[in-house]
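Visitor: Quick note: the sequence shown, position 231, residue 231 per UniProt numbering, numbers continuous. C-beta: ideal position from N, C-alpha, C; glycine also. My structure is below; once you've seen it, I'll send some questions.
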Amino acid sequence: MNLNFMPLLHAYNHASIDFHFNSSARDFCVHEVPLYEFSNTGEHAVIQVRKSGLSTLEMLHIFSQILGVKIAELGYAGLKDKNALTTQFISLPKKYAPLLEKNTSNFQERNLKILSLNYHHNKIKLGHLKGNRFFMRFKKMTPLNAQKTKQVLEQIAQFGMPNYFGSQRFGKFNDNHQEGLKILQNQTKFAHQKLNAFLISSYQSYLFNALLSKRLEISKIISDFSVKENLEFFKQKI
């Protein structure tokens, strides 16, 4: 199976916008919005964590090392960028909660800070988030480019934006999705179950991007014809 990356179509065509952007903790911030309110009771401790210069998986390993908790016992809703200042929620068994405050300095030495502690009756799982809020600082932008940016954002606010998975999902060498397919085909497997799950999700992301790009291609073709012409075409195909 050919798993090379194909050019992806985009929903909006506009003139190029020039600016300077650093993918860093100062200029790129991500804030996770949870899917539900935490009940403050239950067998799972839920902590809001702020991290800098760490991937989510690297953060989980640090928690495992400091607290002695197994990676499999840690729950998280989604992956956050490494080259950014990010906040997200993770869950762990309640019995580890007393160790959190005792290890505050150890976490801070590893660029982690615990912002809040709550409790809930279930473990946080992938997808348990409403979304993410982003802050991005664009520099060296002229007034004209600022106006272009505003117009694009207004379009997105009105019509939405097809959201591809970014390069961080596919790894430094853009081969995570290939490893994920090998796992599904029982050609390889790694010791850490979360790594296996992540690589499989990378393959799913690759398929999602390809399907979304094809969907945009079809939409652009359909938009060139009237509603009546499209109905007649699809009637012939049914």
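For the putative contact between Gly53 and Asn111, defined by C-beta atoms under 8 Å, what is the C-beta separation to the nearest angstrom?
Guide: With a Cβ gap of about 5 Å, Gly53 and Asn111 count as contacting.
Visitor: With DSSP collapsed to three states, give me the class of Gly75.
Guide: Looking at Gly75 - three-state DSSP - the assignment turns out to be strand.
Visitor: Check whether the segment 16 to 36 touches the segment 100 to 108, counting contact only when three or more Cβ pairs, one atom from each stretch, lie closer than 8 Å.
Guide: They do not touch, by the three-pair rule.
Visitor: Can you find a CB in chain B that lies within less than 7 Å of the CB of Ser23?
Guide: The question asks about chain B, but that chain is absent: this structure has only one protein chain.
Visitor: Using 8 Å as the threshold, is the segment 151 to 164 in touch with the segment 63 to 78, meaning 3 or more CB pairs across them?
Guide: Result no; under three Cβ-Cβ pairs closer than 8 Å.
Visitor: Does DSSP put Lys80 in a helix, a strand or coil?
Guide: Of the three classes helix, strand and coil, the one that applies to Lys80 here is coil, per DSSP.
Visitor: How big is the Cα-Cα spacing for Ser223 and His14?
Guide: Going by the C-alpha atoms only, they are around 18 Å apart.
Visitor: Going along the chain, which residues of its own chain have a beta-carbon closer than 6 Å to the beta-carbon of Leu85, five neighbours each way excluded?
Guide: Closer than 6 Å at the Cβ level, and outside the excluded window around Leu85, lie Ala25, Cys29 and Ser52.
Visitor: What residues are listed by DSSP as bridge partners for Thr87?
Guide: Paired residues: His31 and Arg50.
Visitor: With three or more beta-carbon pairs closer than 8 Å as the criterion, would you say the segment 211 to 230 touches the segment 168 to 184?
Guide: The segment 211 to 230 vs the segment 168 to 184: no contact.
Visitor: Under 7 Å, do Ile66 and Ile114 count as touching if we go by C-beta distance?
Guide: No, these two residues do not count as a Cβ contact at 7 Å.
Visitor: Could you name the residues of the same chain whose beta carbon sits closer than 7 Å to that of Lys123, not counting the 5 residues immediately before and after it, in chain order?
Guide: His44, Gly75 and Ser91.
Visitor: How many Å lie between Arg137 and Phe19 at the Cα?
Guide: Those two C-alpha atoms are separated by around 10 Å.
Visitor: Taking the continuous alpha helix (DSSP H) assigned at Ser205, which residues delimit it?
Guide: Taken as a continuous stretch (DSSP letters only), the alpha helix (DSSP H) holding Ser205 covers Gln193 to Ser223.
Visitor: Bridge partners of Asn174, per DSSP?
Guide: Answer is none; Asn174 lacks a bridge partner.
Visitor: Under the three-state reduction of DSSP, which class applies to Leu126: helix, strand or coil?
Guide: Residue state, collapsed to three classes: coil.
Visitor: Using a Cβ-Cβ cut-off of 6 Å (strictly less than) and excluding sequence neighbours within five positions of Lys130, which residues of its own chain qualify?
Guide: Here the set comprises Val33 and Leu35.
Visitor: So, using beta-carbon positions, are Thr87 and Arg50 closer together than 7 Å?
Guide: Yes, these two residues count as a Cβ contact at 7 Å.
Visitor: To the nearest angstrom, report how far apart Leu231 and Phe225 are at their CA atoms.
Guide: If I take the Cα positions, the gap works out to 10 Å.
Visitor: What first and last residue would you give for the alpha helix (DSSP H) that runs through Ser64?
Guide: Segment Thr56 to Leu67, the alpha helix (DSSP H) holding Ser64.
Visitor: Under the DSSP definition of a beta bridge, which residues are partnered with Ile114?
Guide: Partner(s): Val49.
Visitor: From the DSSP output, read off the bridge partner residues of Phe135.
Guide: In DSSP, Phe135 forms a bridge with Cys29.
Visitor: Would you report the Cα separation of Gln155 and Phe233, rounded to the nearest angstrom?
Guide: The alpha-carbon atoms of Gln155 and Phe233 are separated by roughly 30 Å.
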